[in-house]
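Take a look at the structure below.
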Amino acid sequence: MAAGIIDGKAVAARVRATLKDDVAAFFARTGIQPGLATVLVGGDPASEVYVANKRRSTVAAGMADLHQHLPEDTSQEEVEALLRRLAADPQVSGILLQLPVPAHLNAAPLIDLIPFEKDVDGLTTLSVGRLAQQKSGLRPCTPAGVIELLDAYNVPIEGANVVVIGRSELVGRPVAQLLVNRNATVTVAHSRTRNLAEVCRTADVVVAAVGVKGLITAEHIKPGATVIDVGIHRGPEGLSGDVDFGPASEVAGLITPVPGGVGPMTIAMLLVNTLRAAELQYELAR
Numbered sequence: 243m244a245a246g247i248i249d250g251k252a253v254a255a256r257v258r259a260t261l262k263d264d265v266a267a268f269f270a271r272t273g274i275q276p277g278l279a280t281v282l283v284g285g286d287p288a289s290e291v292y293v294a295n296k297r298r299s300t301v302a303a304g305m306a307d308l309h310q311h312l313p314e315d316t317s318q319e320e321v322e323a324l325l326r327r328l329a330a331d332p333q334v335s336g337i338l339l340q341l342p343v344p345a346h347l348n349a350a351p352l353i354d355l356i357p358f359e360k361d362v363d364g365l366t367t368l369s370v371g372r373l374a375q376q377k378s379g380l381r382p383c384t385p386a387g388v389i390e391l392l393d394a395y396n397v398p399i400e401g402a403n404v405v406v407i408g409r410s411e412l413v414g415r416p417v418a419q420l421l422v423n424r425n426a427t428v429t430v431a432h433s434r435t436r437n438l439a440e441v442c443r444t445a446d447v448v449v450a451a452v453g454v455k456g457l458i459t460a461e462h463i464k465p466g467a468t469v470i471d472v473g474i475h476r477g478p479e480g481l482s483g484d485v486d487f488g489p490a491s492e493v494a495g496l497i498t499p500v501p502g503g504v505g506p507m508t509i510a511m512l513l514v515n516t517l518r519a520a521e522l523q524y525e526l527a528r
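First residue of the sequence shown? That's 243 in our numbering, and the numbers climb one at a time after it.
Here it is in structure tokens:
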């Protein structure tokens with residue numbers, strides 16, 4: 243029997259609809275319009291597309307688009323100065339430095355200039371530490387979207403055995419921490435994991451975020467398990483993920499497609515983070 247499909251587009255649409263109402267209610271209560279400052283340095287074509295989508299979504303949610311676009315040759319010091327200005331600007335609820343930045347820039351210290359209460363990507367050292375210590379803060383968007391999908395489809399997390407394949411700072415590590423914080427038993431697998439298929443078959447939930455097209459096959463999936471595919475790869479046949487979808491869907495109980503699974507959740511959770519950032523700053527200022 244084929245797996246049920248986890249419809250990320252539908253879940254993201256519900257999140258956005260609720261968010262738009264919440265933004266309006268926040269404005270009515272405080273007189274503050276949340277604003278997102280996306281910062282793009284240079285003209286990377288993929289980054290320009292991603293930022294344009296984020297900007298459109300921000301406006302559609304009733305929030306202010308405070309985009310900043312800097313030339314390719316902008317210096318480290320100039321980017322730092324901009325981030326400090328945005329950090330001090332009360333009109334800016336959230337700051338997002340679009341990655342990757344040009345090769346002459348060092349992204350890590352730039353990211354750490356973003357205050358944790360404006361860190362809508364959840365990537366600063368302070369945000370990562372607050373996640374690890376289960377303190378309040380803004381969580382990375384794609385990992386938060388994974389949790390939102392699991393909750394939307396009533397997939398049990400507490401007590402579940404979960405295998406996260408991938409240990410990146412953007413997805414693998416934070417999604418593992420979010421799952422641990424929800425009382426899952428989490429194994430983080432990676433390129434040096436021995437007997438990967440055997441390890442994966444212990445899992446009630448598999449989160450594939452390794453960045454290798456089609457790596458996870460039917461032999462990696464325990465019958466009835468939930469499979470979340472975070473990978474995205476472009477090829478002649480279109481988009482595909484880290485999971486070999488056809489064979490895996492014959493074994494899994496629930497599975498995300500690519501496209502239409504995790505992808506739509508990333509921007510949805512970015513918008514949620516922007517409102518949460520505005521709420522957090524409002525409370526801190528009181």
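Using N, Cα and C, we set each Cβ at its ideal position, and we do this for glycine too. Model, not experiment: these values are computed from the prediction.
From this set, the options, which residue's C-alpha is nearest residue i's C-alpha?
i, options, result
"Leu373", "Leu421, Ala266, Ala350 and Gly408", "Leu421"
"Lys360", "Asn396, Thr272, Pro276 and Leu312", "Pro276"
"Ile470", "Arg476, His462 and Gly477", "His462"
"Glu320", "Ser433, Arg297, Pro351 and Leu368", "Pro351"
"Asn423", "Arg436, Ala386 and Asn437", "Ala386"
"Asp286", "Gly401, Pro344 and Ala349", "Pro344"
"Met305", "Leu512, Ala527 and Glu525", "Leu512"
"Ala460", "Arg476, Gly480, Gly477 and Leu438", "Leu438"
"Glu411", "Arg434, Cys442, Val441 and Val370", "Val370"
"Glu290", "Phe358, Ala431 and Pro342", "Pro342"
Counting C-beta neighbours from all protein chains within 10 Å, is the total for residue i 16 or more, i.e. buried, or is it exposed?
i, result
"Asp315", "exposed"
"Pro416", "buried"
"Arg327", "exposed"
"Gln340", "buried"
"Gln375", "exposed"
"Val301", "exposed"
"Asn515", "buried"
"Gln523", "buried"
"Ser317", "exposed"
"Leu324", "buried"
"Leu347", "buried"
"Leu392", "buried"
"Pro465", "exposed"
"Lys377", "exposed"
"Gly379", "buried"
"Thr384", "buried"
"Pro357", "buried"
"Thr272", "exposed"
May I ask you to report which of helix, strand or coil DSSP gives residue i?
i, result
"Ala279", "strand"
"Ala402", "coil"
"Gly371", "helix"
"Ser482", "strand"
"Gly408", "coil"
"Pro434", "The amino acid occupying residue 434 in the given sequence is Arg; Pro does not appear at that position. DSSP places Arg434 in coil when its eight states are reduced to three."
"Ile470", "strand"
"Thr429", "strand"
"Val321", "helix"
"Arg476", "strand"
"His311", "strand"
"Ala450", "strand"
"Ala252", "helix"
"Gly246", "strand"
"Gly284", "coil"
"Ile458", "strand"
"Asp354", "coil"
"Leu347", "coil"
"Ala303", "coil"
"Leu496", "strand"
Output yes or no for whether 7 Å exceeds the beta carbon distance between residue i and residue j.
i, j, result
"Ser491", "Ala267", "no"
"Ile399", "Ala426", "yes"
"Leu517", "Val253", "no"
"Thr429", "Val448", "no"
"Val454", "Asp486", "no"
"Ala451", "Val413", "yes"
"Leu308", "Val283", "no"
"Val529", "Ala259", "The shown model of the chain, from 243 to 528, leaves out residue 529, and the question about it has no answer."
"Ile248", "Leu496", "yes"
"Ala494", "Ala467", "yes"
"Gln310", "Val334", "no"
With a threshold of 7 Å between beta carbons, is residue i in contact with chain B?
i, result
"Ile399", "Within the model displayed, chain B is absent; a lone protein chain is all it includes."
Rounded to the nearest angstrom, how far is the Cβ of residue i from that of residue j, given a contact under 8 Å?
i, j, result
"Ala303", "Lys262", "5 Å"
"Ile407", "Ile458", "7 Å"
"Pro382", "Leu368", "The pair is not a contact, with the Cβ atoms about 13 Å apart (cut-off 8 Å)."
"Gly336", "Met507", "Their Cβ separation, rounded to whole angstroms, is 17 Å, which puts Gly336 and Met507 out of contact at 8 Å."
"Glu322", "Leu355", "6 Å"
"Thr444", "Asn396", "Contact flag wrong, Cβ pair sits at about 22 Å."
"Val472", "Val504", "5 Å"
"Val257", "Ala527", "The Cβ separation is near 27 Å, so there is no contact."
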